[in-house]
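Heads up, the thing below is written out as structure tokens.
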Amino acid sequence: MGNCESMTSPIDWDYLAALSGGDREFEMELLQTFVEDAQERLQTLANAVNQGNIEQIKRDAHHLKGASGNVGITAMQTIAAQLEQSTTPQTLAQAKALVEELQRLFATVASEVSA
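Structure (structure tokens):
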């Protein structure tokens with residue numbers, strides 16, 4: 405919250421502070437757990453898109469939607485929800501673009517968490 409990047413951060417630090425009761429160490433633990441899980445999940449999601457596996461895309465997107473929402477990363481939550489709800493065999497190109505956007509957001513989150 406005291407860092408100047410918080411204005412452009414995809415992480416809702418106020419949400420996390422409310423969730424953790426202001427325990428910054430706990431917030432970082434939550435985010436590190438999210439980063440570890442999401443990194444793996446994004447890889448399986450990208451593979452599912454490349455393979456056209458709609459059911460796997462929806463499962464991974466659902467998981468990412470919940471996980472990102474739990475730690476206050478609403479931009480990822482919104483994109484994951486869009487992927488979960490709108491992916492069909494006809495929209496795989498859009499799905500690929502959404503996954504790339506998730507990966508960009510994730511990279512920002514991961515660099516913030518490791519800083």
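Sequential numbering of the sequence shown, starting at 405, is according to the working numbering. Beta carbons are placed, not taken as given, at the ideal position from N, Cα and C, and that holds for glycine.
Inset, instruction - Between the Cα of M480 and those of G456, Q494, Q443 and E459, spot the shortest distance and give me the residue it belongs to. - result: Among G456, Q494, Q443 and E459, the Cα nearest to that of M480 belongs to Q443.
Legend entry - Alpha carbon of L455 to alpha carbon of G473, nearest angstrom: The sequence as given places Gln at residue 455; Leu does not occur at that position. In this structure, the CA atom of Q455 is about 27 Å from the CA atom of G473.
Legend entry - Sub-9 Å separation of G470 and Y419 beta-carbons: No. Outside cutoff.
Legend entry - Sequence-distant residues of its chain with Cβ nearer than 8 Å to E416 (five each side left out): It is worth fixing the name first, because residue 416 is Asp in this sequence and not Glu. G476, I477 and T478, listed in sequence order.
Legend entry - Alpha carbon of I483 to alpha carbon of P414, nearest angstrom: Roughly 12 Å separates the two Cα atoms.
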